[in-house]
Amino acid sequence: EKGDKAAAQAKKQEVYEIARLLIEDPFGYYANFDQVKIFIEDYERLTKMEIVEKELPDPTPKAKCGKENWQKDSSTSECSVCHKEFTFTRRRHHCRICGCVACGACCPKPKLMDQNRVCIKCT
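If you read the sequence shown in my numbering, its first letter stands for residue 1339, the second for the next number, and so on.
The structure is reproduced here in structure tokens:
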């Protein structure tokens, strides 16, 4: 079964809430076998939805943008993402995927040394 992300997220939240209730009070929420069977079916359906979602190819492949295609620093005085004005402390950074100019909050420093800055629009 393939479902949209919103439906999968809603079902996931519902299943997790039921699982939490089962752990806290195993005989209170699902008192009979039929309800447990429904829970298991919902859980299996959710798992299949997530597997299908993970297997779908990324519709927008994230190719690196060459430095020659970066947005010029002088072309904007504000972040392309949050639109806050650049200052002495709010510096300009280039997204290595789309090339936009963004602030440090919107184009954070990578956690691993071998990764590049990527804006939150491209993550």
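The C-beta atom is built at its ideal place from N, Cα and C for all residues, glycine as well.
Exposure of H1432, with buried meaning 16 or more beta-carbon neighbours within 10 Å: Sequence index remark: in the sequence shown, residue 1432 carries index 94 (1-based). The residue in question, H1432, is buried, as its Cβ has 16 or more Cβ neighbours within 10 Å.
Where V1353 sits in the DSSP three-state scheme: Translated into the one-based positions of the sequence shown, residue 1353 becomes position 15. Helix at V1353.
Proximity to Q1409 [Cα-Cα], best of S1418, A1344, C1438: What you label residue 1409 is simply residue 71 of the sequence shown in a count that begins at 1. It is C1438.
Own chain, CB closer than 8 Å to R1455, minus 5 neighbours either side, in chain order: The sequence position of residue 1455 within the sequence shown is 117, counting from 1. Same-chain partners within the cutoff: H1431, H1432, C1433, R1434, C1445, P1446, K1447, P1448.
Close Cβ partners of C1420 (< 6 Å) along its chain, the five nearest in sequence each way excluded: Along the sequence shown, read from residue 1 onward, the residue named residue 1420 stands at position 82. Hits under 6 Å: C1444.
Of the listed residues I1376, D1380, D1452, nearest to Q1347 (C-alpha basis): As a first step, residue 1347 must be located in the sequence shown, where it is residue number 9. Minimum Cα distance to Q1347 is reached at D1380.
Per-residue burial, S1418 [other beta carbons within 10 Å of its own, 16 or more giving buried]: Residue numbering aside, residue 1418 sits at position 80 when the sequence shown is read from its first letter. Buried, because 16 or more other Cβ atoms sit within 10 Å of the Cβ of S1418.
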